[in-house]
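Chains as they are written, first to last, in the numbering used here: chain A, 1 to 341; chain B, 1 to 341.
Protein chains: 2
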Amino acid sequence: MASSIHDLARHLNISIGTVSRALNGRADVNADTRQRVLDAAKQLNYAPNQSGRSLRQGATRSIAFMLQPHPGDLEYGEPFFIPFLTGLQARLAESGLDLIVVMGAPGDYQQERLRRVVETRRADAVVLAWTRREDERIDYLTQAGFPFATLGRSRSGGMAYPSLDLDFEKAGADAVDRLVSRGHRRIAAIRPSLDLNFGHLFVAGYRKALRRHGIEVDPGLIAEGFINEAGGYQVTPRVMLAKDRPTAIIFNNDAMALGGCKALAEMGIRPGHDIAVIVIVDTPLCRYFSPALTGFRPALEPMGKRLAEMLLASLPAFAGPEGTRIMREVWPLELIARDSD
Amino acid sequence: MASSIHDLARHLNISIGTVSRALNGRADVNADTRQRVLDAAKQLNYAPNQSGRSLRQGATRSIAFMLQPHPGDLEYGEPFFIPFLTGLQARLAESGLDLIVVMGAPGDYQQERLRRVVETRRADAVVLAWTRREDERIDYLTQAGFPFATLGRSRSGGMAYPSLDLDFEKAGADAVDRLVSRGHRRIAAIRPSLDLNFGHLFVAGYRKALRRHGIEVDPGLIAEGFINEAGGYQVTPRVMLAKDRPTAIIFNNDAMALGGCKALAEMGIRPGHDIAVIVIVDTPLCRYFSPALTGFRPALEPMGKRLAEMLLASLPAFAGPEGTRIMREVWPLELIARDSD
DNA sequence: TGTTGTTCCGTAAACGTTTACGAGAACACA
DNA sequence: TGTGTTCTCGTAAACGTTTACGGAACAACA
């Protein structure tokens, strides 16, 4: 089954050097020799051995993405990344690169897996997600001189790498603006750990907008939970027990909102009627929930494509004009108004 | 940064052969030579180049899993697999194997990507999911003699491979039993394409149980939709317009149920009050939905571990006693009774 | 004829490992 | 002293590629 370049050479009675050159489209090979090689390759079902090629070229032609279940949540994972990965893979494939996703264990913060990928040279570059405010992965990669790009910002690594993020800060502010314009002044925020940079940004925007409207930020209206259904469920009652009850809640994401709405329902509070609800990162769940939840929709697949482009531009082997090396982009989050606020 | 076995040898003034033997724990190397090598390896931050090793050994020490967004759904993907992959990766890591997930484009049915992985020898074995009733991927792999295992059954490939599946047929039947015992006789089923084997199995169990109870199967109460929120939303009204309205609906999975409940809500029908709802594959969403949805919970992470074990047992390099080669297991689905039925 | 250039191809080294083979040293034993 | 055994290590080949280099064949031109 496994036919090598030697098989082709023997079959055609030419040297392996010529076969390789023909396969790789080099100029110094006769046109019909090339054709014969190509035909034979098809006939013998030839495909280059990736290990041999990588070894010789010092490049694997593949990009690694690290996927990891939420800490504290082994039940279900993050559907968020699938469309992003689809876009990423599509663009990388255009340049002949494979995308491989390496799974990490739930708790280990990826450090070990990352080292393993880098040191055993399993990939030519890495794409990071779930960036933390201070992110040791980024420090490690910059210090090791290994190419990478991130989905999400961080303060680590001197920002000398391509990164693409969503404007969670603006979304947080927009959510507040919208609620205030509808008469709300007691607005709660349910967020994940501030260590997660998007959580930090969301709350930063939320605070800023409140102040702009002359509303004092009440710490009792901000609560932190695990970034899943259980987190929202546990934490939402806490803000509802504040002296002066909130009339609106902004949730970081769909899962937290789902858990939160469950808690509200158990307290006899109906989202969309008795309280306004907005979620920052919109998903199909928000759309099909009853009431349909107002949220901000990210363009995940285009983002995947774009980050691939930015990463490619930073790789010497693919770089275009020198000027376009490091890029940092922040994409807007589009408000989808529905029934919950 | 990248230190090779030659660097170690030069540094210690011994031959690369000895270094390699020391690193690989072979017997014919002096105890303190080994210790010196190990120390130097740590000091020089040595990690074996994966390409070199694979090339020499003819094995990559990694297993591939194919992940692919739903056809017709580029918005969000399948969180189902994350805990499964976590279990898979954990068990594989114990045997020194890496798990890589290769992303496919949404439409391409994986055939091309699969060929690519196999022919370029990027992995030593493959794990397949979303098995179809007749699955050309399985045919291809068996015919190519490439090791693999599947999450889900199929009729393809002569069953000469390890596979692990959930008992969707029994779950379908159990759901019917439960509903009948609560007085329902008009029970609808919302399913995905019958080509997806779990969809087929679920409906088979549903039909069988109905007949056992002497209830005629009404084709008007079975509807097919995309296996996502939109699918459930589109298709649910169809069964509700049957002459003799159903009093209960069984949904294939959470996303379809979410869409279906939305459609019901718009018709003024309240799940748990006006109609009973059960979903086959339970998720946290079911638990936190209002009303909480009765469903059947799979043990995803243990399943990942188990399938890894079965796959390992089928690989010559890892096989234990010869007798334990091909295994096929079907795991039960545990009913979680909640408020929706 | 001699020189120069072009086109095409073969040779061989190199990438970083693992491993079969053999050899030197040390030791045991008669 | 001679023989055999054991321990330890070095040598070199091999895995499947890519590619620098050089050479053969031929054409063009003076």
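Cβ coordinates follow ideal geometry from the N, Cα and C atoms, glycine included.
Treat the numbers as computed from the prediction; the structure is a model and nothing was measured.
Asked	Found
Which residues in chain B have a C-beta closer than 8 Å to the C-beta of ARG121(A)? List them in chain order.	ALA2, ASN49, GLN50, SER51
On the DSSP letters alone, give me the boundaries of the beta strand (DSSP E) that VAL413(B) sits inside.	Any property of residue 413(B) remains undetermined from this structure, which presents chain B solely from 1 to 341.
If contact is defined by three or more beta carbon pairs under 8 Å, each pair taking one atom from either stretch, is the segment 10 to 24 of chain A in contact with the segment 52 to 70 of chain A?	no
Identify the contact partners of TYR140(B) in chain A, using a Cβ-Cβ distance below 7 Å as the criterion.	Simply none; closest approach about 12 Å.
Along the chain, where does the alpha helix (DSSP H) containing GLY259(A) start, and where does it finish?	254 to 266
From the DSSP secondary-structure annotation, give me the bridge partner or partners of PHE146(B).	Per DSSP, none; premise fails for PHE146(B).
On a Cα-Cα basis, can you pick out the residue from ALA2(A), ARG122(A), ALA223(A) that is closest to GLN57(A)?	ARG122(A)
What does the alpha-carbon distance come out to for the pair PRO162(B) and ASP32(B)?	44 Å
Say whether chain A places a C-beta atom closer than 8 Å to the C-beta of PRO298(B).	no
Less than 8 Å between the beta carbons of LEU8(A) and ALA47(A), yes or no?	no
Is it the case that the segment 278 to 289 of chain B contacts the segment 302 to 315 of chain B, given that we only count it when at least three CB pairs across the two stretches are under 8 Å?	no
Hey, does ASN13(A) have any beta-carbon neighbour from chain B nearer than 8 Å?	no
Is THR60(A) close to chain B? Criterion is C-beta to C-beta, closer than 8 Å.	yes
Check whether the Cβ of ASP98(A) lies closer than 8 Å to any Cβ atom in chain B.	yes
Bridge partners for PRO271(B) per DSSP, in chain order?	ILE275(B)
Could you tell me which chain A residues have their CB closer than 8 Å to the CB of THR294(B), listed as they occur along the chain?	Within 8 Å Cβ-Cβ: nothing; THR294(B) doesn't reach chain A, min ~15 Å.
Could you give the first and the last residue of the continuous beta strand (DSSP E) run that contains MET66(B)?	62 to 67
Are the segment 135 to 143 of chain B and the segment 110 to 124 of chain A touching by the rule of at least three beta carbon pairs closer than 8 Å?	no
Comparing the C-beta of LEU85(B) with each C-beta of chain A, is any distance below 8 Å?	yes
Measuring straight from C-alpha to C-alpha, what distance separates ILE336(A) and ASP254(A)?	14 Å
Report the neighbours of ASN24(B) on chain A: residues whose CB is nearer than 9 Å to its CB, in chain order.	Chain A residues near ASN24(B): none, gap ~15 Å exceeds 9 Å.
Interface residues of chain B around ASN253(A) at Cβ under 9 Å?	By Cβ distance, chain B contributes nothing, its closest Cβ being about 12 Å from ASN253(A), past 9 Å.
For ARG338(A), count neighbouring Cβ atoms within 10 angstroms of its own Cβ and tell me buried if that reaches 16, exposed if not.	buried
Examine chain A for any beta-carbon lying closer than 8 Å to the beta-carbon of LEU114(B), and answer yes or no.	no
Establish whether the CB of GLU229(A) and some CB of chain B are separated by less than 8 Å.	yes
Any idea if HIS273(B) is buried or exposed, counting beta-carbon neighbours within 10 angstroms, 16 or more meaning buried?	exposed
Taking LEU315(B) as the reference, give the member of ASP177(B), ALA188(B), ALA149(B) with the closest Cα.	ALA149(B)
Tell me, please, which residues DSSP counts as bridged to SER163(A).	THR150(A), ARG328(A)
Going by DSSP, name the residue or residues bridged to MET103(A).	LEU67(A)
Would you mind sorting ALA2(A) into buried or exposed? The rule is 16 or more other CB atoms within 10 Å of its CB.	exposed
Mind pulling the chain B residues with CB within less than 7 Å of LEU103(A)?	According to the sequence displayed, residue 103(A) carries Met and not Leu. The contacting residues are LEU85, THR86, GLN89, LEU99, VAL101.
Since ILE275(B) contacts ILE249(B) with CB under 8 Å, what's their CB separation in whole angstroms?	6 Å
Looking only at C-alpha atoms, which of PHE84(A), GLY104(A), GLY199(A), PRO106(A) sits nearest to PRO106(B)?	PHE84(A)
Report the three-state DSSP secondary structure of ALA40(B) (helix, strand or coil).	helix
Look at the alpha carbon of GLN342(A) and the alpha carbon of ILE190(A), and state the distance between them as a whole number of angstroms.	There is no way to answer for residue 342(A), as the model of chain A reaches only from 1 to 341.
Between which two residues does the beta strand (DSSP E) harbouring GLU224(B) extend?	222 to 224
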